[in-house]
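J.:
Numbering (my numbering), first residue to last: 635 to 832.
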């Protein structure tokens, strides 16, 4: 069972991980998340990043390291990882890697209610989803190729490899599902059950 975390937002885990490399200002953390492409897996904006940094500070997982004064810019606070923060980072990451968690993707919700749609409409919508999945997979492949050509080590690309594997599995699943929805037995049973309600 997953442990309850002092700050459970995935963005907090990313902040802790980046602070392993050294003290940073939140703006620099955000810049690195974006440059490394981690913003594709972790939703955030500037406000949420600063909020998470403050939550981590209050929880004692990070601390104010120094205040930088620059005549060109306002005063900036640089944060560093505490020993407790380092322990939290490694414990949390180990848990996420080793222990599968039940997630609640929106597509799962749609699938659980799919029978409300007519078989023809559901199959057509799944066809549109297949096209979108194919486009996304092509985009990921292009990004992976660009990164590989740029000599980025494979370990820094694994989340994209994972995304691609999940997309490919979803494409296979959706293809089979669309075919099943067009089977005469399903169409007949759907009309018997829902036919008069649409």
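From the three backbone atoms N, C-alpha and C, an ideal C-beta is built for every residue, glycine too.
The model shown is predicted, which means the values in this text are computed figures rather than measured ones.
Whose C-beta lies closer than 7 Å to the C-beta of residue 672 among residues of the same chain, with five residues either side of it excluded?
T.: Along the chain shown, one-based indexing puts residue 672 at 38. Same-chain partners within the cutoff: 648.
J.: With a CB to CB cut of under 8 Å and the five nearest residues on each side skipped, what residues in its chain are close to residue 774?
T.: Your numbering for residue 774 matches position 140 in the chain shown. The beta carbon of residue 774 lies closer than 8 Å to those of 794, 797, 798 and 801 in the same chain, with the five residues before and after it left out.
J.: For residue 820 and residue 731, I'd like the C-alpha separation in whole angstroms.
T.: Residue numbering aside, residue 820 sits at position 186 when the chain shown is read from its first letter. Residue numbering aside, residue 731 sits at position 97 when the chain shown is read from its first letter. Going from the Cα of residue 820 to the Cα of residue 731 covers about 39 Å.
J.: Check whether the segment 802 to 813 touches the segment 753 to 763, taking contact to mean three or more Cβ pairs, one atom from each stretch, closer than 8 Å.
T.: yes
J.: Check the DSSP bridge columns for residue 714 and list the partner residues they point to.
T.: Locating residue 714 in the chain shown gives position 80, counting from the first residue. DSSP output for residue 714 lists 697 as bridge partner(s).
J.: By alpha-carbon positions, which one of 716, 677 and 693 ends up nearest to residue 658?
T.: Indexing the chain shown from 1 puts residue 658 at position 24. Cα-wise, what sits closest to residue 658 is 716.
J.: Do you know how far the Cα of residue 687 is from the Cα of residue 666?
T.: Counted from its first residue, the chain shown places residue 666 at position 32. Counted from its first residue, the chain shown places residue 687 at position 53. So the two alpha carbons sit approximately 15 Å from each other.
J.: Look at the Cβ atom of residue 641, then the Cβ atom of residue 693, and state whether they are nearer than 8 Å.
T.: Taking the chain shown and counting its residues from 1, one reaches residue 641 at position 7. Taking the chain shown and counting its residues from 1, one reaches residue 693 at position 59. Going by C-beta atoms, residue 641 is nearer than 8 Å to residue 693.
J.: Assuming the contact rule is C-beta atoms closer than 8 Å, residue 707 and residue 768 should be a hit. Round their C-beta distance to whole Å, please.
T.: Looking up residue 707 in the chain shown gives position 73. Looking up residue 768 in the chain shown gives position 134. About 45 Å; that fails the 8 Å criterion.
J.: Rounded to the nearest angstrom, what separates residue 680 and residue 718 at their Cα positions?
T.: In the chain shown, counting from the first residue as 1, residue 680 sits at position 46. In the chain shown, counting from the first residue as 1, residue 718 sits at position 84. Cα-Cα distance, rounded: 25 Å.
J.: Starting from the C-beta of residue 703, find all residues in its chain whose C-beta is less than 7 Å away, skip the five residues before and the five after it, and write them out in chain order.
T.: Within the chain shown, residue 703 is the residue found at index 69, counting from 1. Close CB contacts of residue 703 within its chain, under the 7 Å cut and outside five residues either way in sequence, are with 709 (chain order).
J.: Have a look at the DSSP bridge pairing and note the partners of residue 702.
T.: The residue you call residue 702 lines up with position 68 of the chain shown. 710, per the DSSP bridge assignment.
J.: Out of curiosity, what's the CA-to-CA distance linking residue 828 and residue 753?
T.: As a working note, residue 828 is residue 194 in the chain shown. As a working note, residue 753 is residue 119 in the chain shown. Taking the straight line from one Cα to the other gives about 11 Å.
J.: From which residue to which residue does the alpha helix (DSSP H) around residue 808 run?
T.: Numbered from its first residue, the chain shown carries residue 808 at position 174. Residues 792 to 815.
J.: When the Cα atoms are used, what is the spatial distance from residue 695 to residue 735?
T.: Start at 1 with the first residue of the chain shown, and residue 695 comes out as number 61. Start at 1 with the first residue of the chain shown, and residue 735 comes out as number 101. About 24 Å.
J.: In terms of alpha-carbon separation, which member of 682, 684, 656 and 652 lies closest to residue 669?
T.: Position 35 of the chain shown, counting from 1, holds the residue named residue 669. For the residues 682, 684, 656 and 652, the minimum Cα distance to residue 669 belongs to 652.
J.: Cα separation between residue 792 and residue 690?
T.: As a position in the chain shown, residue 792 is number 158, starting the count at 1. As a position in the chain shown, residue 690 is number 56, starting the count at 1. Approximately 26 Å, taken between the alpha carbons.
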